[in-house]
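Q: In the UniProt record's numbering, the protein residues as written are 1 to 202. Just so you know, even glycine gets a beta-carbon here, dropped at the ideal spot from N, CA and C. Given the structure is predicted, the values throughout are model-derived calculations rather than measurements.
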Amino acid sequence: MKVQMMKTGLLWLIALTVVVIAVMWFILRDSPADGETQSRFGKADGISVRCEIIEATDNILLELRYGLISDSGVEIYMSQDGAARWQAYAQPLGVDHSAYRHDVECKVEGDQLYLKSTGSAGTFAEWRDVFSGDLIQRKQVPELLGIRKRKVDETESDNLRIQDRIEGFRKGNLTDETKVSGRNKGVGRNKGVGRNKGVRTQ
């Protein structure tokens with residue numbers, strides 16, 4: 001009985017030690033190392049969300065947060081000499097997507113902050129006053145992927161309309177648009193069938 005109690009106590013001690021080690025590891029893993037700056041945006045997995053800290057100049061620190069696989073836009077936080085100066089949000093393109101890649105470039109050019117967002121559906125660039133964060137200019141490249149998607153949607157709609165008309169013929173439910181009095185034009189003698197004018201074979 002006494003041996004059994006000792007074994008139980010030992011198991012509880014081991015379990016408690018494991019829990020303490022796990023908690024300490026969880027706390028310490030997010031603590032910045034010596035000389036490392038902790039992001040104000042908190043944790044990011046580096047797979048779907050990235051947080052970046054950029055030492056733009058000797059006394060200007062830029063912190064960014066954005067989605068790596070989404071049209072997320074970019075959150076910007078600027079501090080100077082360790083003091084917070086401003087926070088801003090660069091708007092996304094606003095496109096629908098299922099698979100996406102997103103890269104961001106940010107730097108200080110003179111008294112302006114330059115931010116470039118390159119995504120699968122397009123690119124935008126912003127210039128902001130580095131000391132106030134005010135937006136000076138924004139340029140955006142049309143989302144070519146979105147244009148292509150609209151063309152695909154239109155083609156699919158055309159295909160659906162054609163399929164509906166085919167089903168109408170099969171069921172005998174012809175609409176006024178598909179009915180042609182007498183002979184159906186294009187059925188029987190089709191002009192251009194046989195000898196096709198202007199068509200050459202090579």
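Return the CA-CA distance between residue 49 and residue 111, expressed in angstroms with no decimal places.
A: Spanning the two alpha carbons is a distance of roughly 29 Å.
Q: When burial is assigned at 16 or more other CB atoms within 10 Å of the CB, is residue 89 buried or exposed?
A: With fewer than 16 other Cβ atoms within 10 Å, it is exposed.
Q: Tell me, please, whether the stretch 95-106 touches the stretch 59-71 by the rule of three or more beta-carbon pairs shorter than 8 Å.
A: Taking 8 Å as the limit for Cβ pairs, the verdict is that the stretch 59-71 does touch the stretch 95-106.
Q: Near residue 136, what residues of its chain come up, given a Cβ to Cβ distance below 7 Å and the 5 sequence neighbours on each side ignored?
A: The residues are 112, 127, 128 and 129.
Q: Pick helix, strand or coil for residue 130, following the three-state DSSP scheme.
A: Here residue 130 sits in coil by DSSP.
Q: Give me, in chain order, the residues of the same chain whose beta-carbon lies closer than 6 Å to that of residue 70; leave out the 5 immediate sequence neighbours on both sides.
A: Answer for residue 70: 100, listed in chain order.
Q: What is the rounded straight-line gap between the Cα of residue 120 and the Cα of residue 114?
A: Rounded to the nearest angstrom, the two C-alpha atoms are 20 Å apart.
Q: Between residue 58 and residue 83, what straight-line distance do the alpha-carbon atoms span, to the nearest angstrom?
A: So the two alpha carbons sit approximately 14 Å from each other.
Q: Based on the DSSP output, what are the partners of residue 123 in its beta bridges?
A: DSSP, once it has assigned bridges, lists 118 as partnering residue 123.
Q: For residue 93, count neighbouring Cβ atoms within 10 angstroms of its own Cβ and tell me buried if that reaches 16, exposed if not.
A: Answer is buried; the Cβ neighbour count reaches 16.
Q: If you draw a straight line from the alpha carbon of residue 125 to that of residue 75, how long is it in whole angstroms?
A: About 14 Å.
Q: How many angstroms separate the CA atom of residue 86 from the CA atom of residue 77?
A: Computed Cα separation, rounded: 6 Å.
Q: By the 10 Å Cβ neighbour count, where 16 or more other Cβ atoms means buried, how is residue 132 classified, buried or exposed?
A: Residue 132 comes out exposed.
Q: Tell me whether residue 46 sits in a helix, a strand or coil according to DSSP, three-state version.
A: The answer is coil: DSSP assigns residue 46 none of H, G, I, E or B.
Q: If you reduce the DSSP assignment to three classes, tell me which class residue 104 lands in.
A: Strand.
Q: Going by alpha carbons, who is nearest to residue 73 out of 11, 16, 51 and 20?
A: The shortest C-alpha separation from residue 73 is found at 51.
Q: Whose C-beta lies closer than 7 Å to the C-beta of residue 55 among residues of the same chain, with five residues either side of it excluded?
A: Result list for residue 55: 61, in chain order.
Q: What does a CB cutoff of less than 8 Å around residue 134 pick up in its chain, not counting 5 residues either side in sequence?
A: Closer than 8 Å at the Cβ level, and outside the excluded window around residue 134, lie 128.
Q: Sort 102, 7, 13 and 91 by Cα distance to residue 138 and report the nearest one.
A: Among 102, 7, 13 and 91, the Cα nearest to that of residue 138 is on 91.
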